[in-house]
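I have placed the structure first, in the form of structure tokens, so that the comments after it can refer back to it.
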Amino acid sequence: MAQFNLPEPQPDPLLQLIGKYRADTRPDKIDLGVGVYRDDHGNTPVLAAVKAAENKLQQEQQSKSYLGLTGDNEFVEQLGTLLFNDATIALGAQTPGGSGALRLAAEIYNIAHPQGTLWIGTPTWPNHLPLTESAGVKTATFDYFDKDTQQIMFDSSLEAIDNAKAGDAIILHGCCHNPTGADLTPEQWQQLVSLLVEKNIIPIVDLAYHGLGDGLEDDLAATRLITTQCEEVLVAASCSKNFGLYRDRTGAVYMTSHEKSTATRAQAVFGQIARKIYSMPPDHGAAVVRLILQDSTLKKQWHDELKTMTERVKSLRQSIAERFEVLEFVTRQKGMFSLLPLSPVQVNSLIEDHAVYLAGDGRINVAGCQLDQIERFVTSLEAVGFTGPQ
Ligand SMILES: Cc1ncc(COP(=O)(O)O)c(C=O)c1O
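The sequence shown begins at 0 in numbering that gives the first Met the number 0 and counts up by one.
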């Protein structure tokens, strides 16, 4: 008799979509589903700065002995210097990707606030809910964005914060909102942050696409505003997209605090939580990022490569909107994603009848579109009766 009575595994719709795309033999298929950066040849290349740092690492690394529970502390410090204002006290731990950082953020929040609720605006990255709930955190959702009108539902965000109790937490996409590309204006951020401070709500900032919207400085402005004004903030940073290190699982979690002792304690607790899950994070990607950030030439090379990626995404948004005016809204959205107001029937027809692959909710990865595919993408949208926002 079977000893393991396991539930039926729930297939991941995005992974299923990737499999379906790979199996599709139509030569003109278009992949707007997967959430990775693509260049104009449809590749996700290793950055030259990363290659150079990898070579350096291979030459210089003397040992692969354990580092410690918080991983490569110099990486954490260098990345923190990139992310935060000079005066911000930010201490943390290296993590397996942004996902590992979010998990540690959820775990530490649950330790400090076991009765608290974590508020999440929807639509959001589909892993936010399972990832935080599996840390034992109680979650609640509010409406962030209306796909049909392509408008941020700012009033409902404020209302949710207003109804939250002191010590509750909220996930905020630091920039380049996934899946909508719709970020708050600087004025809206200020209004929201003031309310967070007034209501004693703890922000958990998810930074996964910084640099890919309007450039690093602009993309980090909201995070810096939040970490300056809120007493304590958890920040989950991923190096997957902006360093192209997806499979190397590179990220960091930080607690920023107005009190050094709080951040110091949090750093130790991050290590203790990691010990119970995976002990120590994988080294390679963090060592690569550290080498890049420590070396002014490599750092400049990385900045230039990041800028090329950002400009490609921006110019694609522009070209798509120029070809089909009802898509004008995509030029106002940031980062790789937009959430098109398409019905499930239209999405299905795009995939089945036109070989245009996109997520079931209508999310497209703009970077997945090559310049010479825009025409076919737009005519396919027209063919399924896409008429733009209401
Ligand atoms: C919004 C958001 N947060 C976090 C992550 C986690 O990234 P990773 O764990 O690959 O570094 C992703 C990845 O797609 C994301 O889109």
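We treat Cβ as the ideally placed atom computed from N, Cα and C, and that holds for glycine. Owing to the predicted nature of the structure, the values given are computational and were not obtained by experimental measurement.
Secondary structure of residue i, DSSP reduced to three states
{"i": "Leu244", "result": "coil"}
{"i": "Gln190", "result": "helix"}
{"i": "Lys19", "result": "helix"}
{"i": "Phe385", "result": "coil"}
{"i": "Gly173", "result": "coil"}
{"i": "Leu90", "result": "strand"}
{"i": "Ala163", "result": "coil"}
{"i": "Ser133", "result": "coil"}
{"i": "Leu292", "result": "helix"}
{"i": "Gln150", "result": "strand"}
{"i": "Ser337", "result": "strand"}
{"i": "Ala358", "result": "coil"}
{"i": "Ala286", "result": "helix"}
{"i": "Ala1", "result": "coil"}
Residue burial classification, residue i (beta-carbon count within 10 angstroms, cutoff 16)
{"i": "Ser64", "result": "exposed"}
{"i": "Ser473", "result": "For residue 473 there is no data in the structure shown, the boundaries of the chain being 0 and 389."}
{"i": "Gln77", "result": "buried"}
{"i": "Arg274", "result": "exposed"}
{"i": "Met335", "result": "buried"}
{"i": "His40", "result": "exposed"}
{"i": "Asp205", "result": "buried"}
{"i": "Lys50", "result": "exposed"}
{"i": "Thr249", "result": "buried"}
{"i": "Val45", "result": "exposed"}
{"i": "Ala22", "result": "exposed"}
{"i": "Glu106", "result": "buried"}
{"i": "Ala1", "result": "exposed"}
{"i": "Gln114", "result": "exposed"}
{"i": "Gly67", "result": "exposed"}
{"i": "Lys259", "result": "exposed"}
{"i": "Phe74", "result": "buried"}
{"i": "Phe385", "result": "buried"}
{"i": "Lys240", "result": "buried"}
{"i": "Gln57", "result": "exposed"}
{"i": "Ala221", "result": "buried"}
Where the alpha helix (DSSP H) containing residue i begins and where it ends
{"i": "Leu215", "result": "215-218"}
{"i": "Trp301", "result": "295-322"}
{"i": "Gln266", "result": "259-276"}
{"i": "Asn54", "result": "47-59"}
{"i": "Ser379", "result": "373-382"}
{"i": "His353", "result": "343-353"}
{"i": "Asn42", "result": "Here Asn42 belongs to no alpha helix (DSSP H), and DSSP marks it neither H nor E."}
{"i": "Gly70", "result": "Counting along the chain, Gly70 falls outside any alpha helix (DSSP H), and DSSP gives it neither H nor E."}
C-beta contact flag for residue i and residue j at 9 Å
{"i": "Ile17", "j": "Phe376", "result": "no"}
{"i": "Ala92", "j": "Val234", "result": "no"}
{"i": "Tyr253", "j": "Ala168", "result": "no"}
{"i": "Leu219", "j": "His209", "result": "yes"}
{"i": "Leu339", "j": "Leu81", "result": "no"}
{"i": "Ala47", "j": "Glu310", "result": "no"}
{"i": "Asp161", "j": "Cys174", "result": "no"}
{"i": "Gln190", "j": "Leu211", "result": "no"}
{"i": "Thr261", "j": "Asn84", "result": "no"}
{"i": "Pro178", "j": "Ser337", "result": "yes"}
{"i": "Tyr277", "j": "Gly32", "result": "no"}
{"i": "Thr116", "j": "Phe141", "result": "no"}
{"i": "Ala265", "j": "Leu130", "result": "no"}
{"i": "Trp118", "j": "Ile170", "result": "yes"}
{"i": "Gln149", "j": "Pro388", "result": "yes"}
{"i": "Ile200", "j": "Ala163", "result": "yes"}
{"i": "Ser213", "j": "Lys333", "result": "This sequence places Asp at residue 213; Ser is not what is there. Contact flag set, yes."}
{"i": "Gly284", "j": "Thr69", "result": "no"}
{"i": "Thr172", "j": "Ala139", "result": "A small fix is needed here, since residue 172 is His in this sequence, not Thr. Not a contact, by the Cβ cut-off of 9 Å."}
{"i": "Val287", "j": "Phe328", "result": "no"}
{"i": "Leu326", "j": "Ala52", "result": "no"}
Extent of the continuous beta strand (DSSP E) to which residue i belongs
{"i": "Val204", "result": "201-206"}
{"i": "Val252", "result": "250-256"}
{"i": "Arg362", "result": "362-364"}
{"i": "Gly97", "result": "From DSSP, Gly97 is part of no beta strand (DSSP E) but of the alpha helix (DSSP H) over 96-111."}
{"i": "Ala236", "result": "231-237"}
{"i": "Lys120", "result": "In the sequence as presented, Lys is not what sits at residue 120; that position holds Gly. Taken as a continuous stretch (DSSP letters only), the beta strand (DSSP E) holding Gly120 covers 116-121."}
{"i": "Thr184", "result": "Thr184 -> no beta strand (DSSP E), and no H or E assigned at all."}
{"i": "Gln11", "result": "According to the sequence provided, residue 11 is Asp. The question's Gln does not apply to it. Per DSSP, Asp11 belongs to no beta strand (DSSP E) and is neither H nor E."}
{"i": "Thr140", "result": "137-142"}
Cutoff 9 Å: residue i Cβ touching any chain D Cβ
{"i": "Leu292", "result": "Chain labels in this structure do not include chain D; a single protein chain is all it has."}
Task: Any 3 or more C-beta pairs closer than 8 Å across the region 353-373 and the region 314-327 - done: yes
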